[in-house]
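A.B. asks: Questions regarding the structure given below will be posed in turn.
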Amino acid sequence: MKIFFIYLLAFIGGVSLAVQAGFNTQLGTIVKQPVIAVIATSIASAIFGCLFILLFKEESIQLTIAQQVPWYLWFIGGLFSMIGISLYFYTIPKLGISKMIAFGLCGQLIFSLFAGKFGWLNLPVEPITTKKCIGIVFMAISILLINSK
Numbered sequence: 282m283k284i285f286f287i288y289l290l291a292f293i294g295g296v297s298l299a300v301q302a303g304f305n306t307q308l309g310t311i312v313k314q315p316v317i318a319v320i321a322t323s324i325a326s327a328i329f330g331c332l333f334i335l336l337f338k339e340e341s342i343q344l345t346i347a348q349q350v351p352w353y354l355w356f357i358g359g360l361f362s363m364i365g366i367s368l369y370f371y372t373i374p375k376l377g378i379s380k381m382i383a384f385g386l387c388g389q390l391i392f393s394l395f396a397g398k399f400g401w402l403n404l405p406v407e408p409i410t411t412k413k414c415i416g417i418v419f420m421a422i423s424i425l426l427i428n429s430k
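When we follow the working numbering, the leftmost residue of the sequence shown carries the number 282, and every step to the right adds one.
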């Protein structure tokens, strides 16, 4: 039952990202700058994240632990977030949300296969299996079906 709950949370996370992409695409289109929408998203995320920590009284980070974190880890995720979200907001009006999400998920899945196989980004090593390759093939077929008229 616990794994089902984790799967459900992952699914809800995906839905939340698609909803977020839709709203912020509207913002980026209206202001004619996808990066402005990313900035607004980042500021709002920081505010809601702080509220979440305050409401749920998560254990605060200790200064000694924070100092042990390599400096670039405080920023590099934000760089890739800005790039990825900006590309979402730029391409959704041109492709439509279903096509963009399909291509975005395909990119995530293919990257995750290689990142897992080689342990990139300090991720656990996971072999590329036949089942995973079949899944990628089906993802590609799905993208073709989504993009066909």
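Cβ atoms here follow ideal geometry from the backbone N, Cα and C, with glycine treated the same way.
Just to confirm, are I378 and A291 a CB contact at a threshold of 8 Å?
C.D. replies: Taking 8 Å as the Cβ cut-off, I378 and A291 do not qualify as a contacting pair.
A.B. asks: Is the beta carbon of I427 closer than 8 Å to that of K375?
C.D. replies: Contact flag unset, no.
A.B. asks: Closer than 7 Å to a non-hydrogen atom of the ligand ADP - does that hold for the CB of G330?
C.D. replies: What this structure holds is no ligand at all, so the ligand ADP is not there to describe.
A.B. asks: Against chain D, does W401 count as a neighbour if the rule is that its beta carbon must be under 8 Å from one of theirs?
C.D. replies: Included in the structure is just one protein chain, with no chain D present.
A.B. asks: Evaluate the contact criterion for the stretch 381-400 versus the stretch 415-430: three or more CB pairs, one atom per stretch, below 8 Å.
C.D. replies: Contact between the stretch 381-400 and the stretch 415-430 is present, because at least three Cβ pairs lie under 8 Å.
A.B. asks: Once the 5 residues before and after T310 are set aside, which same chain residues still bring their CB inside 7 Å of it?
C.D. replies: P374.
A.B. asks: Within 10 Å of its beta-carbon, does F370 have 16 or more other beta-carbons around it, so buried, or fewer, so exposed?
C.D. replies: Buried, because 16 or more other Cβ atoms sit within 10 Å of the Cβ of F370.
A.B. asks: Can you check whether the CB of A396 is closer than 8 Å to the CB of L386?
C.D. replies: Going by C-beta atoms, L386 is not nearer than 8 Å to A396.
A.B. asks: Considering only their Cβ atoms, is the gap separating T322 from I366 smaller than 8 Å?
C.D. replies: Yes, the pair counts as a contact, with Cβ atoms nearer than the cut-off.
A.B. asks: Count the other CB atoms, across all protein chains shown, that sit within 10 Å of the CB of T411; report buried if there are 16 or more and exposed otherwise.
C.D. replies: When all chains shown are included, T411 counts as exposed.
A.B. asks: Using the three-state DSSP reduction, which class does F356 fall into: helix, strand or coil?
C.D. replies: Looking at F356 - three-state DSSP - the assignment turns out to be coil, as it is neither helix nor strand.
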